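Here's the structure we're looking at; comments come further down.
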Amino acid sequence: MNTFLQTIGALNDETRLKILRFIDENGAVCVCDIEAAFEMIQSRISRHLKILKDAGFLKVERKGRWAYYSVRSPLDVFRQNILKEISYLEMDIPDFKQGCKI
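Take any residue in the sequence shown, note its place counting from 1, add 1, and you have its number in the numbering used here.
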């Protein structure tokens, strides 16, 4: 039951829904790319990403000093259905912006 509540709790925020859909639509993205697209500070983005990761939606892969987030695979049916439902919601998702400076 704790897993269910943690999953539902992670979705109780409009910004997290938008971030999750952004990642689902764009594939693996760097934190700095999310930061640039959403025009938010890194600490707020990281907090939202941690909540979504802990809820079982995301995985993180580190490449050098960058952290790339993507939808976890395989994803259980419950979370797959949630992502499908989120894709139907009318919301403004920002365009992808390259935020990382190499």
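Quick reminder that beta carbons are idealized off the backbone N, C-alpha and C, glycines included.
Remember, predicted model here, so these are calculated numbers, not experimental data.
Since residue i sits in a beta bridge, which residues does DSSP pair it with?
i, result
"Arg-80", "DSSP, once it has assigned bridges, lists no residue as partnering Arg-80."
"Leu-59", "Val-72"
"Val-32", "None, per the DSSP bridge assignment."
"Lys-64", "Trp-67"
For a test of the three-state rule: what should DSSP assign to residue i, helix, strand or coil?
i, result
"Lys-98", "coil"
Could you name the residues of the same chain whose beta carbon sits closer than 7 Å to that of residue i, not counting the 5 residues immediately before and after it, in chain order?
i, result
"Lys-19", "Met-92, Ile-94"
So residue i packs on residue j, CB below 8 Å; how close in whole Å?
i, j, result
"Ala-37", "Lys-98", "4 Å"
Who are the Cβ neighbours of residue i in its own chain at under 6 Å, not counting the five residues just before and after it?
i, result
"Ile-35", "Ile-46"
>> With a threshold of 8 Å, are at least 3 pairs of Cβ atoms found where one atom belongs to the stretch 29-43 and the other to the stretch 75-93?
In response: Verdict: no, contact absent.
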